[in-house]
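Below you'll find the structure, written out as structure tokens, and then a few comments.
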């Protein structure tokens, strides 16, 4: 936290690295960003060789007579403009080389202001820091909460995977605000249920990010929160800064098809067809995002930036690759990914559509894949549904060529280090 805030206050660019990454990958990322300095501590300094300039932050924290001769106002003269880069976050690239997403100061500030303006984040909140450093949500948790005047509750290293410890912190620190991926929260709720732990009676807001939110998941989550707790569905690719759209879930009457919602303040969302024309109500189209959240481009990859950004009427829009539809209430609904489209026996299939269909059953998570060019396999996370029930549901809602050949039911789907389902 000290390192992140220090970098931002002095006008630097923050770029998180994960100690879980292999050494050669870390070296490649440092070279890609042309980093001048890497902040390390006693557990991570062995990851870098002498060819990379690093600073052990433990040595800063342990300096004797730290107040002697120090200018406490030395950062007051630093002026940081809105167009300057605030942080870089890496996303996976189809070529196998990570893409360095550059976010401006104004991108970040506008995004956090959006959370405040929709009444989703307050200075009285106590935020728990769960997200890993490779997931941009950690920047919202740390920097976003502190600049709003909220309190931040930190965990010990790897503490976010120790559910008993997490549950203790949620109660002991009286946490009111939680940001997490649905599949992570689902596992946490399973743990609470198995061990008969009491609900989180003080949590006021839960932001679900990074994955689709199913009705079955919300019903599980409601068992462990107070009635006044607000459950939000947030959507936002890294290139559009933290949160782009949001929806406050009506846990009483609207659980069948949970929407992505509407754009946050100062964001523009355009669902467009292949001809870059606006789609009709209930028609599917690719989501383009404009406004103050649009990123500054991929570092050193002008070719990829040119493909990702599109100018419409003098305004830059980011092509998300996400397929959405808009309903009669002007709410956006997630339909899947463009790049999850496949061709099977001559038929073009959107895997996300099958996954969304399955999520309307009692399962909490699923992944559909193509196998050996001939079959579709659906992996479903559930403890109380069988293959025949899922097949019948698909037969009732999907055309024959989109029904998976095999349904594999697991107690838990594997997660990656960001807490998302590992495809």
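In the UniProt record's numbering, the protein residues as written are 1 to 423. Using N, Cα and C, we set each Cβ at its ideal position, and we do this for glycine too. Since the structure is predicted, the reported quantities are computational estimates derived from the model, not experimental observations.
**Report entry** Beta-carbon contacts of residue 395 that lie in its chain and below 8 Å, excluding the five residues immediately before and after
**Finding:** Result list for residue 395: 403, in chain order.
Query raised in the report: Is the beta carbon of residue 507 less than 8 Å from the beta carbon of residue 152?
Result: Limits of the chain in this structure are 1 at one end and 423 at the other, which puts residue 507 out of reach.
**Report entry** C-beta atoms of residue 105 and residue 82 nearer than 8 Å
**Finding:** Cβ distance < 8 Å, so residue 105 and residue 82 count as in contact.
**Report entry** Local Cβ density within 10 Å of residue 361, reported as buried at 16 or more and exposed below that
**Finding:** With 16 or more Cβ atoms within 10 Å of its Cβ, residue 361 is classed as buried.
**Report entry** Backbone CA spacing between residue 42 and residue 22 [nearest angstrom]
**Finding:** Taking the straight line joining both Cα atoms gives about 17 Å.
Query raised in the report: Does DSSP put residue 9 in a helix, a strand or coil?
Result: In the structure shown, residue 9 sits in a helix (DSSP, three-state: H, G or I).
Query raised in the report: Rounded to the nearest angstrom, how far is the Cβ of residue 316 from that of residue 309, given a contact under 8 Å?
Result: Rounded to whole angstroms, the Cβ separation of residue 316 and residue 309 is 5 Å, and the two are in contact under 8 Å.
Query raised in the report: Which one of 229, 291 and 39 has the shortest CA to CA distance from residue 311?
Result: Taking only the C-alpha atoms, the option nearest residue 311 is 291.
Report task. State the DSSP-derived secondary structure class of residue 418, mapped to helix, strand or coil. Result -> Residue 418: coil per DSSP, three-state reduction.
Query raised in the report: To which residues of the same chain is residue 228 closer than 8 Å at the C-beta, ignoring the five residues directly before and after it?
Result: Answer for residue 228: 204, listed in chain order.
Query raised in the report: With 16 other CB atoms within 10 Å as the buried threshold, where does residue 143 fall?
Result: Counting Cβ neighbours within 10 Å, residue 143 comes out buried, since at least 16 surround it.
Query raised in the report: Is there contact between the segment 133-142 and the segment 189-201, where contact requires at least three CB pairs shorter than 8 Å?
Result: Using a C-beta cut-off of 8 Å, the segment 133-142 makes no contact with the segment 189-201, since fewer than three inter-stretch Cβ pairs fall below that distance.
Query - Residues bridged to residue 424 (per DSSP) - result: One cannot answer for residue 424 here, as it falls past the ends of the chain, which runs 1 to 423.
Requested in this report: Tell me where the beta strand (DSSP E) around residue 173 begins and ends.
Outcome: Counting along the chain, residue 173 falls outside any beta strand (DSSP E), and DSSP gives it neither H nor E.
Query raised in the report: From residue 349 to residue 378, what does the alpha carbon distance come to, in whole angstroms?
Result: Near 14 Å, if we compare the C-alpha coordinates of residue 378 and residue 349.
Query raised in the report: Span of the beta strand (DSSP E) holding residue 100?
Result: Going by DSSP, residue 100 is part of the beta strand (DSSP E) stretching over 99-104.
Query raised in the report: Does the distance from the CB of residue 358 to the CB of residue 323 come in under 8 Å?
Result: For the pair residue 358 and residue 323, the CB atoms are not nearer than the 8 Å cut-off.
Query raised in the report: Helix, strand or coil for residue 394 per DSSP?
Result: Residue state, collapsed to three classes: helix.
**Report entry** Reference residue 247, options 184, 380 and 209, closest by Cα
**Finding:** With distances taken between CA atoms, residue 247 lies nearest to 209 out of 184, 380 and 209.
Report task. May I have the straight-line CA-CA distance separating residue 393 from residue 194, to the nearest angstrom? Result -> Approximately 29 Å between the Cα atoms of the pair.
Query raised in the report: Per DSSP, residue 189 is paired with what?
Result: Partner(s): none; residue 189 has no beta bridge.
Query raised in the report: Rounded to whole angstroms, how far is the Cβ of residue 426 from the Cβ of residue 107, which I believe are closer than 8 Å?
Result: Since the first residue of the chain shown is 1 and the last is 423, residue 426 is not available in this structure.
Report task. Note the first and the last residue of the continuous beta strand (DSSP E) segment covering residue 148. Result -> Counting along the chain, residue 148 sits inside no beta strand (DSSP E), nor does DSSP assign it H or E at all.
Requested in this report: Give me the Cβ distance between residue 121 and residue 184, rounded to the nearest whole Å; I'm assuming they're in contact under 8 Å.
Outcome: Not quite, the Cβ-Cβ distance comes to about 20 Å (not below 8 Å), so this is no contact.
Query raised in the report: Shortest alpha-carbon distance to residue 114 belongs to which of 167, 182, 6 and 240?
Result: Minimum Cα distance to residue 114 is reached at 240.
**Report entry** First and last residue of the uninterrupted alpha helix (DSSP H) at residue 20
**Finding:** Per DSSP, residue 20 lies in no alpha helix (DSSP H) segment and is marked neither H nor E.
**Report entry** For residue 420 and residue 181, believed in contact at Cβ under 8 Å, the rounded distance
**Finding:** Contact flag correct, Cβ pair sits at about 5 Å.
Query raised in the report: Could you give the distance in angstroms between the alpha-carbon of residue 365 and the alpha-carbon of residue 80?
Result: Computed Cα separation, rounded: 42 Å.
Query raised in the report: Should residue 263 and residue 325 be called a contact, given that it needs their Cβ atoms to be closer than 8 Å?
Result: At the C-beta level, residue 263 and residue 325 stay beyond 8 Å of one another.
Report task. Determine the burial state of residue 413: buried for a count of at least 16 other Cβ atoms within 10 Å of its Cβ, exposed for fewer. Result -> Residue 413 comes out buried.
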